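Taking it in order: structure first as structure tokens, then the write-up.
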Amino acid sequence: MEKDVVAILQVDGRASVKSIAAALDVTTKVASRLVSNLLSTRDIRVTTVTDPLLLGYGAMAFAEFKLTGDLPARDVSESFAKLSCVDYVVRTTGPTDMLINLVCTDMAELADVIESHARHAQGANLIEVTPYTALHYQKISRGTSARRYQSQAGLTPDLNHSDRAIVRALSEDGRAPLLAIAEQIGVSESHVRSRLKKLISSGVVRVAAVLDAGLMGYGALAWGRACVVGGPIAPVIEALVEVDAVTYVAETAGSFDIMFELTCVDDAELREALDVIRQIPFLRELAMHRYLDAIYKPMIPSLQRPGSPVEQEQESRP
Numbered sequence: 192m193e194k195d196v197v198a199i200l201q202v203d204g205r206a207s208v209k210s211i212a213a214a215l216d217v218t219t220k221v222a223s224r225l226v227s228n229l230l231s232t233r234d235i236r237v238t239t240v241t242d243p244l245l246l247g248y249g250a251m252a253f254a255e256f257k258l259t260g261d262l263p264a265r266d267v268s269e270s271f272a273k274l275s276c277v278d279y280v281v282r283t284t285g286p287t288d289m290l291i292n293l294v295c296t297d298m299a300e301l302a303d304v305i306e307s308h309a310r311h312a313q314g315a316n317l318i319e320v321t322p323y324t325a326l327h328y329q330k331i332s333r334g335t336s337a338r339r340y341q342s343q344a345g346l347t348p349d350l351n352h353s354d355r356a357i358v359r360a361l362s363e364d365g366r367a368p369l370l371a372i373a374e375q376i377g378v379s380e381s382h383v384r385s386r387l388k389k390l391i392s393s394g395v396v397r398v399a400a401v402l403d404a405g406l407m408g409y410g411a412l413a414w415g416r417a418c419v420v421g422g423p424i425a426p427v428i429e430a431l432v433e434v435d436a437v438t439y440v441a442e443t444a445g446s447f448d449i450m451f452e453l454t455c456v457d458d459a460e461l462r463e464a465l466d467v468i469r470q471i472p473f474l475r476e477l478a479m480h481r482y483l484d485a486i487y488k489p490m491i492p493s494l495q496r497p498g499s500p501v502e503q504e505q506e507s508r509p
């Protein structure tokens, strides 16, 4: 029954206990206990899912590292995860040992993070930093609806300061009472309700449950990277997003052109997905990073727009 609750919250993270009880044909008391038990663990979190540009992050990049062996791998992962500019850390097999995702307000902050943190990390040597040129596609998990991003085409809607504050509060707790959010940011509850309704109905923001894919039965996760040779990149991206196991696609500027995530039940399904991907025209130099373990953090909105002065380093996001 817990998986049923998770499935409901992945569609609507703010689904009421009453609606969950009706969907499961249980009492509201039972539904309330199920939701509380799930959210009390560290394995599931209800948060916002949206284009990082809307959250104030105008520069994102993948950073790859080789471990030196001076520190345990877990210690290195946790050290990176403490940085507010990092939203996930993955220890992998493949070309490198560790992959982190950097989210910064602008290229100036990204350059500072590279110089201050990435190049001087204890227990790991920086191999390459590959900035995004566009985030094209993101799926919360297999079996949920996907979001295609169009910010690179100049179609990203603008969020005002109040909107960002609302999204920031929901990023920390997607099921927070609207009255509490209103009091926190100094506006009326009706204002929060109307703005959130508009943000969700327009598709700008989703509030949904995010959890470890392994808890949903997906035991083979990997990042893939590839170059596009002899043809345009757009058809390659379209072909990738048609592969059911692909849950994330970013266009990048570095030694490779595309980075994508695969979420599979097991190695057999992973091999099948790779066989399909290898047949995509113009896709070359495919390399895989198979997950060993990962640390994920919610992406908390910056209250500044990309290009504005960089905020001082905030406390580590939980």
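Residue numbers (the working numbering): 192 to 509.
Note that CB positions come from ideal geometry on N, CA and C, so glycine has one too.
Since we're looking at a predicted model, the values are computed, not measured.
Per-residue burial, residue i [other beta carbons within 10 Å of its own, 16 or more giving buried]
i    : result
D278 : buried
L293 : buried
S499 : In this predicted model, S499 has a pLDDT of only 38, less than 50, meaning its place in the structure is not dependable; the value taken from the coordinates is given anyway. The residue is exposed, with fewer than 16 neighbouring Cβ atoms inside 10 Å.
P243 : buried
S371 : Looking at the sequence provided, one finds Ala at residue 371 rather than Ser. Exposed is the call here.
Q480 : Before going on, a small fix: residue 480 reads as His here, not Gln. When all chains shown are included, H480 counts as buried.
V419 : buried
T232 : exposed
R236 : buried
E255 : buried
A213 : exposed
A302 : exposed
T438 : buried
Top-ranked residue by Cα proximity to residue i, from the options
i    : options                   : result
G445 : A325, F473 and A436       : A325
V217 : M192, G204 and D458       : M192
R416 : M289, D448, N228 and S385 : D448
R355 : L245, T283, S227 and I235 : L245
V396 : R359, P423, V437 and L301 : R359
G365 : G394, D203 and E374       : D203
A425 : Y328, R386 and S362       : Y328
E460 : A413, E300, R310 and L229 : A413
L390 : G421, E255, C455 and N351 : N351
D466 : T232, V434 and V378       : V434
R475 : R462, E255, I291 and M450 : M450
A436 : T443, E452, P423 and V383 : E452
Same chain, Cβ closer than 8 Å to residue i, five either side skipped, listed in chain order
i    : result
I471 : V427, A430 and L431
K194 : M407
S268 : V280, R282, M289, D484 and I486
V196 : I211, L215, A222, L225, V226 and L229
L346 : The pLDDT assigned to L346 is 43, lower than 50, so where the model puts this residue is not dependable; a value taken from the coordinates is nonetheless given after this. Same-chain partners within the cutoff: there are none.
A478 : G285, P286, G415, R416, A417 and F447
P368 : none
Same chain, Cβ closer than 6 Å to residue i, five either side skipped, listed in chain order
i    : result
D261 : G314
I376 : A356
DSSP bridge partner residues for residue i (one or two, in chain order)
i    : result
C418 : R475
K257 : N316
Y439 : Q329 and E452
P423 : For P423, which the question treats as bridged, DSSP gives no partner whatsoever.
L412 : T454
H480 : W414
I486 : V280
T238 : A399
A252 : L293 and P322
Residue i: CB within 7 Å of a non-hydrogen atom of the ligand SAM
i    : result
V358 : This structure simply doesn't include the ligand SAM, nor any ligand for that matter.
Cβ-based neighbour list, residue i, same chain, cut-off 7 Å, excluding 5 preceding and 5 following
i    : result
V304 : C276, L293 and C295
H308 : L274
K209 : T219
R386 : S353, D354 and I357
A252 : L293, L301, V320, T321, P322 and Y323
> What are the uninterrupted segments assigned as alpha helix (DSSP H) that are 4 or more residues long and contained completely in the stretch 194 to 230, given in chain order?
Replying inline: Complete alpha helix (DSSP H) runs here, min 4: 208 to 215 and 219 to 230.
> Could you give the uninterrupted runs of the alpha helix (DSSP H) lying entirely in the stretch 278 to 311, keeping only those of 4 residues or more?
Replying inline: Those alpha helix (DSSP H) runs which fall completely within the stretch 278 to 311 and span 4+ residues are 298 to 307.
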